[in-house]
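Asks: Structure in structure tokens, see below.
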Amino acid sequence: MSDTITAPGDAPARAPGGPRRRRRRPTRNLLPYVLLVPALIAELAIHIIPMLVGVWMSLLHLTQFFIRNWTAAPYGGLTNYRVAMDTHGPVGKDLLHSFLITAAVTVLVVAGAWVFGLAAAVFLQKPFRGRATLRTLFLVPYALPVFTAVITWRFMFQRDSGMVNNVLSDELHLVHGHPFWLLGGNSFAALVIINIWRLWPFAFLTLTAGLQSVPGDLYEAAAIDGAGFVRKLRSVTLPLLRPVNRVLLLVLFLWTFNDFNTAYILFNQPPANADMISIHIYNASFITWNFGLGSAMSVLLLAVLLVVTLVYLGTGRLRSRHA
Amino acid sequence: MKARGIAALAASVMLAAGLAACGSGGGSDKSSPKTLTYWASNQGRSIQQDQQVLGPELKKFEAKTGIKVKLEVIGWPDLLNRILAATSSGAGPDVVNVGNTWSASLQATGAFQPFDDATIAKVGGKAKFIPSTLTSTGAAGKPPAFVPLYGLAYGLFYNKKLFADAGLKPPQTWQDLVTDAKKLTIPAKKQYGVVMEGASYTEGSHFAFMFGAQNGAKLFQGGQPGFDSPQMVAGVKQYVDLMAGQKVVNPSNAEYVNDSDMLKDFAKGRAAMMMIQSYAPKGLAENGMKEGEFGVVPIPVINPLPPGGRKVSSHVAGINIGVFKNTKNKDGALKLVDFLTSPDEQKILDTQLGPLPVVPQAYNDPKFQTPEIKTFKDILANSAETLPMIPEEAQFETLVGNTVKQLIADAASGKTVDDQTIKNALTAANKKMQTGG
């Protein structure tokens, strides 16, 4: 910006003739776009082109006979989509199941991470001795590398030698015998617990930052009006955090819904009760070696996420316009 | 027609762009043909052990040929996916190990250098290898896509002391095995009749094939999958029932992904029997079990066999080695294959890692004249069947193997697993094969 303001001033000193100045103007206007080109190329290479390739692959019968040379794969039109969406067939049925499991995991994880994050942020709002230490401690799960963290959880959840069963069953006698955590129904709980543990520090961090912008005098005014803790939370904190929450919830949603690492490291191939959709798609492609089908599933997932995100942002904008 | 041409052009442009973008992340160093990338399968007790064994040997190869070999050892749960990913991206290793049962499936991708007469001559010729090991190197009527590297067979390992204490002899029939296993299962002492690698899909698929064959099953008929035939249901039940109906397996085994847990349980006397491939003695020794404390017999067969049933107590198991067509140094890659399959290297690698040599001269070594190795040679000669060498074989392994794994997990967590549940699960796998493949 400052460049465009100062530029006319020193232009005559460098450029002697008037016509030359006129010719230079459009170049200068192009500069921001030229500067954007590397970013645009990177964006194309990293996101747009792979996405388009994925869409293209989803229209092919890309089986083992063609994976070395995709261009030779026969064109299948929408066949792959039909197989993926036929909920009476085994492929579509499993995909739908995986989608519902992922949705359930996401709802619980986003809610859990947000509640924990908000609670911690609010309680650490006022200074007290040891606040900085606690804040650092709370961020540990977020700072740990995913692999280290999840593999530790995996050891803890093992049936015979895991710490979870040792504490729950042998020490506290809360459960009878040693239940499985990495197989069957409990695997869902294990996955939700680990995901909340991993994500709540991010919510905490974001909300702590958001709380800095809430003016202290609002709390004072509320206190004078006789508002208690809950009332202050409902009438001051939450409304002022709304813009932060809007972004935070969306990010938490996308991260959890798309998460591959946690479930993959925890289970390698997740049991049906914890069948996260990103791993399901990966496995579906490799199990029958039909990469076209896998791509069709990915495109469907992309479409769903896009719709959810647009609707979410749309309703948010509508609401803020009405307010 | 025209639209398709344009689309194909667009796709190849995108493909080229995509490859250019991720090319730098590829495995092999294409700039210097003096290096080779070798993906080895996990044969020893751990990936580190494989690296320790192969490292010095590859240094010898470098000293001999001046070619540096970059080694990556890949665990079984990931190996097939990694190879497929390398095949589709074109950025892969130069030389690779594969489970020999995948040979025809991987051959169909066209990504591997065929061992036609001229090529196989460069690694010592067909006559170099034991003939039975050549039965699983690719589809019939085509030049093989791989050559054998390690030979393996399943056997039943039993703990001599536990058997003697219970007054038992090693089982001769499958029925004996089940009765013995029941006697040897004492959960209060944390002792079970059998230990299994319940969460391994490869193991699950091998046993589904072997026990299916004992019950008379054919996996494919005229190219159509028959995973849910009554014979396959009976075969899968025979295996899963050790956990489900007979309860002679510790439910925790459903979490065992690698064989290290299984070897440990057996070596510590927590299980009296273990069905595992011939590399096991090495792993047992590392877990403190001495030779002589365990015995090996063929995995027993149902007696009498059901109609159509075949006497199969192992598949012709093993590891093959192949060369990616994309290699920039084909001659060097073939030299490495020749080196690793030479009698001297076979002796070193097989004694340290535990499998059977694939070249006859190696057996001259007294280390390969133990009773166990004799048993395994007999199994391969008399009661082993090759898995079908057709392109759909690898999909059978992943689909049926994962089904078996899931059934074992269900049984371990207390769900009912009976004929009907098994049949339904196998029918779903069969349909996936038909619609997906």
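These protein sequence lines are chains A and B, in that order.
The numbering of the first sequence is this note's numbering, which starts it at 1 and goes up by one.
The numbering of the second sequence is this note's numbering, which starts it at 324 and goes up by one.
By construction, the Cβ of each residue, glycine as well, lies at the ideal position given by its N, Cα and C atoms.
Nearest by alpha-carbon distance to A:G54: which of A:A143, A:P141, A:V299, A:G314 is it?
Replies: Translated into positions along the first sequence, residue 54 of chain A becomes position 54. Among A:A143, A:P141, A:V299, A:G314, the Cα nearest to that of A:G54 belongs to A:V299.
Asks: Give every residue of the same chain whose Cβ lies closer than 7 Å to the Cβ of B:K746, excluding the five residues on either side of it in the sequence, and list them in chain order.
Replies: As a working note, residue 746 of chain B is residue 423 in the second sequence. Cβ within range, chain order: D551, V556.
Asks: Can you check whether the C-beta of B:E395 is within less than 9 Å of a C-beta belonging to chain A?
Replies: Here residue 395 of chain B refers to the residue found at position 72 when the second sequence is read from its first residue. It does not; no Cβ of chain A falls within 9 Å.
Asks: Name, please, each residue of chain A whose Cβ falls closer than 8 Å to the Cβ of B:N404.
Replies: One-based indexing of the second sequence puts residue 404 of chain B at position 81. The answer, in chain order, is F286.
Asks: Counting pairs of beta carbons, one from the segment 33-49 of chain A and one from the segment 262-278 of chain A, are three or more of them closer than 8 Å?
Replies: No, they do not touch.
Asks: Under three-state DSSP, which class holds B:I625?
Replies: Against the second sequence, residue 625 of chain B aligns to sequence position 302. Three-state DSSP puts B:I625 in coil, outside helix and strand.
Asks: Using a threshold of 9 Å, state whether the C-beta atoms of B:Y473 and B:P678 are closer than that.
Replies: Numbered from 1 along the second sequence, position 150 holds the residue referred to as residue 473 of chain B. Numbered from 1 along the second sequence, position 355 holds the residue referred to as residue 678 of chain B. Contact flag set, yes.
Asks: For the segment 56-76 of chain A, list every residue whose C-beta sits within 8 Å of some C-beta in chain B, in sequence order.
Replies: If the cut-off is 8 Å between Cβ atoms, the segment 56-76 of chain A has W56, T63, Q64, F65, I67, R68, N69, W70, T71, Y75 near chain B.
Asks: My understanding is that B:Q569 touches B:K505, with C-beta atoms under 8 Å, so please give their C-beta distance in whole angstroms.
Replies: Translated into positions along the second sequence, residue 569 of chain B becomes position 246. Translated into positions along the second sequence, residue 505 of chain B becomes position 182. Yes, B:Q569 and B:K505 are in contact; Cβ-Cβ is about 6 Å, under 8 Å.
Asks: So the beta strand (DSSP E) B:T358 belongs to, where does it begin and stop?
Replies: Residue mapping note: residue 358 of chain B aligns to position 35 of the second sequence, counting from 1. 358-364 is the span of the beta strand (DSSP E), which, as asked, contains B:T358.
Asks: Give the straight-line distance between the Cα atoms of B:T424 and A:T87, rounded to the nearest whole angstrom.
Replies: Here the question's residue 424 of chain B lines up with position 101 in the second sequence. Here the question's residue 87 of chain A lines up with position 87 in the first sequence. Cα to Cα, the separation comes out at about 33 Å.
Asks: Taking 9 Å as the cut-off, decide whether the C-beta atoms of B:Q600 and B:G478 are in contact.
Replies: Walking along the second sequence from the start, residue 600 of chain B turns up at place 277. Walking along the second sequence from the start, residue 478 of chain B turns up at place 155. Taking 9 Å as the Cβ cut-off, B:Q600 and B:G478 qualify as a contacting pair.
Asks: Can you give me the C-alpha to C-alpha distance between A:I326 and B:G737, rounded to a whole angstrom?
Replies: Look at the range of chain A in this structure, 1 to 323, and you will see that residue 326 of chain A is not part of it.
Asks: Using CA coordinates, which residue listed in A:V304, A:T315, A:T288 is at the minimum distance from B:S428?
Replies: Numbered from 1 along the second sequence, position 105 holds the residue referred to as residue 428 of chain B. Ranking the options by Cα distance to B:S428, first place goes to A:T288.
Asks: Pull the bridge partners of B:G478 from the DSSP assignment, please.
Replies: On the second sequence, position 155 is the one that residue 478 of chain B refers to. Looking at the DSSP assignment, B:G478 forms a beta bridge with B:I599.
Asks: Which of helix, strand or coil does DSSP assign to B:P548?
Replies: Here residue 548 of chain B is taken as the residue at index 225 of the second sequence, counted from 1. The answer is strand: DSSP assigns B:P548 an E or B state.
Asks: Counting only C-beta atoms, is B:S637 closer than 9 Å to chain A at any point?
Replies: The count along the second sequence starts at 1 and reaches residue 637 of chain B at position 314. Output row for B:S637: interface = no.
Asks: Whose C-alpha, out of A:K93, A:F66, A:H61, A:F65, is nearest the C-alpha of A:T79?
Replies: The count along the first sequence starts at 1 and reaches residue 79 of chain A at position 79. For A:T79, the nearest C-alpha among the options comes from A:H61.
Asks: Report yes or no: is there a C-beta of chain A within less than 9 Å of the C-beta of B:Q764?
Replies: Chain B is shown only over 324 to 760; residue 764 of chain B falls outside these bounds and no answer can be derived.
Asks: Distance cutoff 9 Å, beta carbons only. Does B:M756 sit that close to anything in chain A?
Replies: On the second sequence, residue 756 of chain B is found 433 positions in, with the first residue counted as 1. Yes, its Cβ sits closer than 9 Å to a Cβ of chain A.
Asks: Let me check understanding here. Comparing Cα to Cα, which of B:F534, B:S523, B:V681 lies closest to B:L628?
Replies: For the purposes of this step, residue 628 of chain B is taken as residue 305 along the second sequence, with counting starting at 1. Nearest C-alpha to B:L628: B:F534.
Asks: What are the residues in the segment 184-205 of chain A lying within 9 Å of chain B by C-beta distance?
Replies: The residues in question are G184, G185, N186.
Asks: Using the rule of at least 16 other Cβ atoms within 10 Å of the residue's Cβ for burial, across every protein chain shown, is A:R313 buried or exposed?
Replies: The count along the first sequence starts at 1 and reaches residue 313 of chain A at position 313. A small correction: the amino acid at residue 313 of chain A is Leu; Arg does not occupy that position in the sequence shown. Flag for A:L313 reads exposed.
Asks: Name the residues in the segment 427-438 of chain B whose C-beta lies less than 9 Å from a C-beta of chain A; which are they?
Replies: The segment 427-438 of chain B vs chain A, Cβ under 9 Å: S428, L429, A431, T432, G433, A434.
Asks: May I ask you to report which of helix, strand or coil DSSP gives B:T744?
Replies: If you number the second sequence from 1, residue 744 of chain B lands on position 421. It is helical.
Asks: If you follow the alpha helix (DSSP H) that B:L394 is in, where does it begin and where does it stop?
Replies: For the purposes of this step, residue 394 of chain B is taken as the residue at position 71 of the second sequence. That residue, B:L394, is in no alpha helix (DSSP H); its beta strand (DSSP E) goes 391-397.
Asks: Looking only at C-alpha atoms, which of A:G130, A:Y142, A:S187 sits nearest to A:Q158?
Replies: By 1-based counting over the first sequence, the position of residue 158 of chain A is 158. Checking every option, the nearest Cα to that of A:Q158 belongs to A:S187.
Asks: When you compare only the Cα positions, how much space is there between B:S411 and A:N166?
Replies: To locate residue 411 of chain B, count along the second sequence from 1; it is residue 88. To locate residue 166 of chain A, count along the first sequence from 1; it is residue 166. Approximately 45 Å between the Cα atoms of the pair.
Asks: Could you compute how far the alpha carbon of A:H97 sits from the alpha carbon of A:P270?
Replies: Translated into positions along the first sequence, residue 97 of chain A becomes position 97. Translated into positions along the first sequence, residue 270 of chain A becomes position 270. When rounded, the distance between both Cα atoms is 13 Å.
Asks: Any idea what DSSP makes of B:Y579, helix, strand or coil?
Replies: Translated into positions along the second sequence, residue 579 of chain B becomes position 256. Coil.
Asks: Quick check: B:G645 and B:V418, are their CB atoms within less than 9 Å of each other?
Replies: Translated into positions along the second sequence, residue 645 of chain B becomes position 322. Translated into positions along the second sequence, residue 418 of chain B becomes position 95. Closer than 9 Å, so yes.
Asks: Following the continuous alpha helix (DSSP H) through B:N298, name the residue where it begins and the one where it ends.
Replies: Only positions 324 to 760 of chain B appear in the structure, and residue 298 of chain B is not among them; the question remains open.
Asks: Check each residue of the segment 574-604 of chain B: if its Cβ is closer than 9 Å to any Cβ of chain A, include it; give the result in chain order.
Replies: Those residues of the segment 574-604 of chain B that come within reach of chain A (Cβ to Cβ, closer than 9 Å) are P574, S575, A577, E578, V580.
Asks: Taking only beta-carbon positions, decide if B:T650 is within less than 9 Å of chain A.
Replies: Indexing the second sequence from 1 puts residue 650 of chain B at position 327. So no, B:T650 is outside the interface.
Asks: For the segment 89-123 of chain A, list every residue whose C-beta sits within 7 Å of some C-beta in chain B, in sequence order.
Replies: Listed in sequence order: G89, P90, V91.
Asks: Can you tell me where the alpha helix (DSSP H) holding B:Y562 begins and where it ends?
Replies: As a first step, residue 562 of chain B must be located in the second sequence, where it is residue number 239. Unbroken alpha helix (DSSP H) run through B:Y562: 553-563.
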